[in-house]
Amino acid sequence: MPRFSIVVPVYKVQAYLGECLDSVLGQDFDDFEVIGVDDCSPDVSGEILDQYAAHDARVRAVHLPENVGLGNARNAGLARAGGEYVLFLDSDDVLLPGSLSAVAERLDAADSPDILVYDYARSYWDGRLVRNSLARHLHEDGPAAFALSDRPELLNLLQVAWNKAYRREFVERAALRFPAGYYEDAPWTYCAMVAAESLAVLDRVCVHYRQRREGGNILSTVSRKHFDAFEQYDRVFAYLDSRPELDRWRGPLFRKMIDHYLTILERPGRLPEEAKAEFFHRAAQDYRRRVPAGFERPAGRDGYKFAMLERDAYALMTGSATAVRTRQVVKTKARQAVKGSKKRAMGLFYRSQQHTDLDENLALFSAYWSRSVSCNPAAIDAELARLAPHIRRVWAVRPDRMDSVPRGVRAVPLGSRDFWTVAARAKYLVNNVNFSDRLVKRPGQIHLQTHHGTPLKTMGLDQREYPISTRMDFNDLLRRCDRWDYSLSSNAHSTRVWERVYPSRYETLETGYPRNDALVNATAADVLAARVELGLAEGTRALLYMPTHRDYEKTFRPRLDLARIASELGPDTVLLVRGHYFYTPSPQVEELRATGRIIDVSAHPRVESLYLAADALITDYSSAMFDYALLDRPIVIFADDWEIYSTVRGVYFDLLSEAPGAVARTQDELLDVLGDGTWRDAEADRRRAVFRERFCDFDDGRAAERVVRKVFLGDDREIPVTPLAERPHVPSPAELADTVRVPSRPERTGPAYATERDRVAEPAYTAERVAVPEPVPTAEPAYGEEPAYGEEPAYVETSVYGEEPAYVEEPAQVAEPGLVEEPASVPEPEFVPEPEFVPEPSAVVEPVPAGESRTEAGSAYEGPRGQEDVADEPDSGDAGARVGERAPRASVPGWAAPAPEPFAVSSPLDADSFFGAPPSRGPRERTAAAPVSEALAAYSELFPQPGHGMSIPRQPRTADRSGPEAEENDDLAERPRPGGPALPPLSGSGEPATAPEPPADTA
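What the sequence shown shows, in the numbering used here, is residues 40 to 1042, in sequence order.
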């Protein structure tokens, strides 16, 4: 007896039947039979079925003498089934690779339940894949087998037969058969689910449910055949009548029945207009005839519809619906009128600001469509505070993200009056994507495009070859690119791609990515602090799982069975799971956090800390692999859908053959790679070394200063890129295990880390050291979001298989806005009137008395400090000696400290004061390397400064990329610079480490 009998009804599917059968016969589990039932198909589907049966003994072809419909065709196959379990597969759908093995394993784990429910995804003709929106109900927490009463929400799933495996003995005992007519799956599914004594679930997509462009589903046709629904629910309740033990399910199934009737009535394209009143009256009769005693109507609009059915008040219901629609139209038009007026007023205000003088010492920053203070712009901001404190820095942040702005950072709500004021007056515009199309670049403004990752997938104009991956207007894209003056590149590969896909007159700066300075310069103390922050115990192996965004998926759901991986890897392994920032948090990951073996770090503000804390990275196609490679730690590629991803989106190289480490195509392969040491063997090291030579060209820890000197200070002195072999080694957690003992920390009941706004100052943590030489010091990072790109089309999940309303009410899914390709723009939020600017007196910087510490002027990350903090502050000018002279400690980031000035994050920008004359300075001699404030020093741990350099001008590359020595150009620092301060010294040049004075005539 085979393990599985797979019944495939066949009717008018000659274009799809071969793919369907191939998907079954190609499974890695072969203990099955396929029963293909030709329902007297008028095309050549029956002949195709015969051909497969002739070539493979596992296929049996059954030809019916007349067309009997889907339900009876399935019954014909079911009568011939001999397997232990029966599965149904529609002949235009496909079974995913490895599905039968996964089903068999789950059945064994659940001790042969009556029914196993698995997941599906809708497969659209344009290449999109959309997973079942209720997939969260298929989580595998708790007992492997259970009763429906333990998880009644499973009745909410789409009532179809082909997402389940049925024990054949149970089907016969329960006397289950498919009826004829429309909605034949309803009585089969509901009767089977309530009659089953044991159920199990498999949280895995096993079926791709084809959504044809030309239709192909009879339920989407206008016909009176939809009246068949009444007979189908007669069969459901007759089944309950014949089995008194199932009487408790009358209430839930009554609710499902009424929801289904209302869906048919309201769904366009089902009932003829002249039949809707008749259908409503039939539904009202069923309501009054079958309503259980004590039934409570749902709340809200659904409850109102139930009441109208109970009263058989069709005219009242349709009249109310018309009134609601009319009211919605009026309100929508009123909102649009107000919205248009505000937009026009803001446009006039912005144009008026464009006639004011540019502020030569003002920079506007934004990152990730104004979602956060992070990535390359944040690293440049921090370096600008160090080298050019006279340049004021303002961040554009979405209004709903203002609460997450680090304390002390000047920020304005995107689209507000303050934003447009700064956008019109700022000399410098810095972004890692594009600003809004409404932002007009003025003559004299300098636009710096930093980008936010190394491209594996196609970008910009190259996406014209992959139209289903984008809805971008390429003419608009090129107009945005024409605003750029500079474009950053982290490697030669990126340079070639950016200049081809974003053709314009900007200058490419091969400086490396400023955010990656933190990784290259990280120290042993930084690695330990990152692990302590996450609560990782000594000896714990941390694996960081970072999948990328997929254009064909609306929400983030891990593609791995995280619970199984955590279980099989053992108690010493913790999974750090980070979903892409385009996605909302995953309920599944949230549920798994309770086990303590999985930490959801999707909301962690600093991805660089996660890189430092992790022993290895598991990713698919995320550009995180290029950044993580700088640490020279193992990388594992999990490419389960490479063919789909590379076909839909397009890629620049074959990741499977040019990966930075081991490659796994299935979850079982991934477990083997992690279990047998393949992830860190010699071959993985060799592949990573080749990858690093190719993609780690310019990231030598000196990128931020290169950018600041070139773009903001006009300093053309060259500092060569440090060759890859000569860069300092960042110690891994395993390398530190034998040299530094990390005390265990108390158990946490909440997240292992706090968000920026929730943090408070903590005592410095000091690890106990032993007398072993410390690994080479480095520094810590500046980048808070996963570097990835991609627009997300606004998908609408079409109903093709008669989906039913929920029995347990679910929140309606709201389509995400379509995010445009990097670097692309999004519309600005609407203007909300704010208070007028209130002038405040200009501050005067007093001379610093001898012996006192000094706070650098203009730091966006300042914070008050007590005397005990001053005593503990390390010398910021000697960061390279921290590990050798001090025990590692976990410091409080600068953004955790309270705001130092009357410039609270939530307060409006005081533009009259902000754009007024700069504070004057009394004449005094600058002392060398005056210490910065505590907040800037703490923030410099996130954006470390030692060893930075300057911009590399575009020039022919030499074999060693070394260029002339920096000392030959040191005399440039002495040259007078009209209208600006003297250039600060190059790092490591031996010049006095003084910060520049702002010019007295700055406006």
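We put the beta carbon where it would ideally sit given N, CA and C, even for glycine.
Model, not experiment: these values are computed from the prediction.
Which residue's Cα is closest to the Cα of residue i: the options?
i        : options                               : result
Leu-601  : Thr-587, Val-616 and Pro-610          : Val-616
Arg-119  : Val-63, Arg-207, Glu-313 and His-176  : Arg-207
Ala-184  : Val-210, Leu-215, Ser-172 and Leu-146 : Leu-146
His-178  : Glu-549, Ala-214, Ser-130 and Val-244 : Val-244
Leu-709  : Asp-693, Ala-239 and Tyr-584          : Tyr-584
Asp-165  : Leu-599, Ser-188, Arg-249 and Ala-100 : Arg-249
Arg-251  : Asp-132, Ala-569 and Arg-603          : Asp-132
Asp-739  : Ala-721, Leu-670 and Val-702          : Leu-670
Tyr-300  : Lys-344, Ala-277 and Asp-280          : Lys-344
Ala-764  : Ser-771, Val-729, Arg-745 and Ala-776 : Val-729
Ala-642  : Gly-379, Ala-653, Gly-618 and Arg-212 : Gly-618
Gly-308  : Thr-260, Val-479 and Tyr-353          : Thr-260
Ala-773  : Asn-114, Arg-580 and Asn-195          : Arg-580
His-394  : Ala-723, Ala-463 and Thr-302          : Ala-463
Arg-456  : Leu-516, Leu-109, Gly-714 and Arg-383 : Arg-383
Ser-1047 : Gly-483, Tyr-407, Arg-432 and Leu-426 : Coverage of the chain is limited to positions 40 through 1042, which leaves residue 1047 absent and any answer about it impossible.
Under 8 Å by Cβ, that's how I've got residue i and residue j pegged, so tell me the actual separation to the nearest angstrom.
i       : j       : result
Arg-481 : Leu-397 : 7 Å
Thr-493 : Ser-529 : 6 Å
Leu-558 : Leu-582 : Wrong, their Cβ atoms sit about 18 Å apart, outside the cutoff.
Tyr-229 : Leu-126 : About 19 Å separates the two Cβ atoms, so there is no contact after all.
Leu-155 : Ala-239 : 5 Å
Val-169 : Pro-226 : Incorrect: roughly 27 Å between the Cβ atoms, too far for contact.
Leu-649 : Val-640 : 6 Å
Asn-415 : His-491 : 7 Å
Based on the DSSP output, what are the partners of residue i in its beta bridges?
i       : result
Ile-674 : Leu-656
Met-585 : Thr-658
Lys-203 : Val-156
Gln-488 : Asn-470 and Ser-526
Gly-75  : Val-47 and Ala-100
Ser-162 : Leu-168 and Arg-249
Ala-450 : Trp-434
Phe-185 : Leu-238
Tyr-407 : Per DSSP, none; premise fails for Tyr-407.
Leu-126 : Ile-45 and Ala-204
Leu-548 : Leu-527
Arg-580 : Thr-612
Val-133 : His-247
Which residues in the same chain have their Cβ closer than 7 Å to the Cβ of residue i, if we skip the five residues on either side of it in sequence?
i       : result
Ala-314 : Arg-263
Ala-346 : Arg-336
Met-40  : Gly-121, Gly-122 and Glu-123
Gly-137 : Asp-67 and Thr-705
Trp-459 : Met-385, Phe-388, Tyr-389 and Gln-392
Tyr-13  : Because the chain in this structure spans residues 40 to 1042, residue 13 falls outside the shown range and cannot be described.
Ala-143 : Arg-42 and Phe-68
Excluding the 5 residues preceding and the 5 following residue i in the sequence, name in chain order all residues of the same chain whose CB lies nearer than 6 Å to its CB.
i       : result
Ala-112 : Pro-48, Val-76 and Asp-78
Gln-271 : Tyr-222, Ala-225 and Pro-226
Ala-149 : Ala-183, Ala-184 and Ala-239
Ser-62  : Val-133 and Leu-134
Buried or exposed: where does residue i fall if 16 or more other Cβ atoms within 10 Å of its Cβ makes it buried?
i       : result
Ala-976 : Model confidence at Ala-976 stands at a pLDDT of 43, short of 50, so the residue's coordinates are unreliable; what they give is reported in the following sentence. The residue is buried, with at least 16 neighbouring Cβ atoms inside 10 Å.
Trp-537 : buried
Pro-762 : exposed
Pro-81  : exposed
Asn-514 : exposed
Val-566 : buried
Glu-26  : Past the boundaries of the shown model lies residue 26; the chain is included only from 40 to 1042, so the question cannot be answered.
Phe-692 : exposed
Asp-666 : buried
Pro-586 : buried
Glu-732 : exposed
Gln-502 : buried
Pro-610 : exposed
State yes or no: is the C-beta of residue i nearer than 7 Å to some heavy atom of the ligand ATP?
i       : result
Ser-526 : Absent from the structure shown: the ligand ATP. Ligands present: none.
Leaving out five residues before and five after residue i in sequence, what residues of the same chain have Cβ atoms less than 8 Å from its Cβ?
i       : result
Glu-105 : Cys-79
Ile-419 : Phe-404, Val-469, Leu-487, Thr-489, Pro-553, Ala-743, Val-746 and Val-747
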